[in-house]
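Chemist: Residues -4 to 245 (this note's numbering) are what the sequence shown spells out, left to right. Here you go, one structure.
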Amino acid sequence: VILYRGYVMLKDTRAITLGKGILVLLGVTVVANYLNLHVISWLLQKAVTLLFVALPIVFQPELRRALEHLGQGKFFRPGTLLDDEEAQSTIREIRSAVKILSANKIGALLVIERDMGLNDISATGIQIDGLITSDFLMNVFIPNTPLHDGAAVIRGKRLIAAGCLLPLTENRSLSTELGTRHRAAIGLSEQCDALIVVVSEETGTISIAENGHLHRHLDGEQLTHILTPAFAYSSRSSILDTIRSWREKS
């Protein structure tokens, strides 16, 4: 189970490619020893030793991501959980704004904080701290304004920052039709447990990124189903479980 979870976290990252290279190098070393190629064997052994010393540096993003995943849990939950009424109200406002932005093909990135704090992400943008309303969110993403191209960060029922920068994914297997917003959403979801809502500027398509996965072509009802666990304390299951159950019902 531990090995599988590790593979899931590292899948589609440069760690897998580098790992394959190390395995090949180890294999060649074994063959060289077996054939008594002493000089080549000595050189390869030194190279392998240097590689293991360099691993913490080369795999720094992946190691950081693994440690962040270990820190997830109830104990680390920020004190921003909402009661059912507040959660439903906040979800309605977000859904309303996203649907209007989608209909008008206005690009948007909404980052919803969950267990892991996002102070480092919010620090890259403009601090706001305002109560979430549909009109407020739409004003943030008005085209040709300073905050339009960045991400807005939501904590509980408040918008804490806008115009924030997100890390781009290094996943090379993604479709070329995905733009910067989608790649940024996936990139952040690979590093933390945040839920990221994306509205495409080209097509108006609504998508959600979680745990390195992108779920596209969502409608208002699907959006509500997926957002609910992110706000309600009683719904601690993964968003992926919510999507699976929704698909089974449909």
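Backbone N, C-alpha and C define an ideal beta-carbon position, used for all residues, glycine too.
Please state the DSSP three-state secondary structure of E185.
Modeler: In the sequence shown, the residue the question calls residue 185 occupies position 190. Correct three-state label for E185: helix.
Chemist: Tell whether a beta-carbon distance below 8 Å holds between L190 and P162.
Modeler: Counting from 1 along the sequence shown, the entry for residue 190 is found at position 195. Counting from 1 along the sequence shown, the entry for residue 162 is found at position 167. No. Outside cutoff.
Chemist: Taking the DSSP output, what are the residues bridged to E205?
Modeler: Taking the sequence shown and counting its residues from 1, the one referred to as residue 205 is at position 210. Answer by DSSP bridge pairing, in chain order: H208.
Chemist: Taking only the alpha-carbon atoms, compute the straight-line gap between L39 and L209 and give it to the nearest angstrom.
Modeler: Taking the first residue of the sequence shown as position 1, residue 39 is located at position 44. Taking the first residue of the sequence shown as position 1, residue 209 is located at position 214. Going by the C-alpha atoms only, they are around 41 Å apart.
Chemist: Hey, how far is the Cα of G68 from the Cα of D110?
Modeler: Taking the first residue of the sequence shown as 1, we reach residue 68 at position 73. Taking the first residue of the sequence shown as 1, we reach residue 110 at position 115. Note that G68 scores 47 on pLDDT, short of 50, meaning its location in the model is unreliable and no value can be drawn from it.
Chemist: According to DSSP, is R150 helix, strand or coil?
Modeler: Counted from its first residue, the sequence shown places residue 150 at position 155. Three-state result, R150: strand.
Chemist: In whole angstroms, what is the alpha-carbon distance linking C159 and Q83?
Modeler: Counting from one through the sequence shown, the residue named residue 159 turns up at place 164. Counting from one through the sequence shown, the residue named residue 83 turns up at place 88. The alpha-carbon atoms of C159 and Q83 are separated by roughly 25 Å.
Chemist: Thinking C-beta only, is K152 closer than 8 Å to L126?
Modeler: The residue you call residue 126 lines up with position 131 of the sequence shown. The residue you call residue 152 lines up with position 157 of the sequence shown. A contact, by the Cβ cut-off of 8 Å.
Chemist: Which residues in the same chain as F226 place their Cβ atom closer than 7 Å to its Cβ, once the five residues preceding and following it in sequence are excluded?
Modeler: Taking the sequence shown and counting its residues from 1, one reaches residue 226 at position 231. These residues qualify, in order along the chain: L77, A82, T85 and I86.
Chemist: Look at L113 and V106 and say whether their C-beta atoms are less than 8 Å apart.
Modeler: Within the sequence shown, numbered from 1, the residue matching residue 113 stands at position 118. Within the sequence shown, numbered from 1, the residue matching residue 106 stands at position 111. For L113 and V106, yes; Cβs fall inside 8 Å.
Chemist: May I have a chain-ordered list of the beta strand (DSSP E) segments no shorter than 3 residues that lie completely inside the stretch 79 to 149?
Modeler: Whole beta strand (DSSP E) segments, 3+ residues: 103 to 107 and 121 to 126.
Chemist: Rounded to a whole number of angstroms, what is the C-alpha to C-alpha distance between A204 and L213?
Modeler: Within the sequence shown, numbered from 1, the residue matching residue 204 stands at position 209. Within the sequence shown, numbered from 1, the residue matching residue 213 stands at position 218. Rounded to whole angstroms, A204 to L213 spans 12 Å at the Cα level.
Chemist: If I measure Cβ to Cβ from A146 and keep anything under 6 Å in the same chain, skipping five residues before and after, which residues do I get?
Modeler: Numbered from its first residue, the sequence shown carries residue 146 at position 151. Contacts found: L104, V106, C159 and L161.
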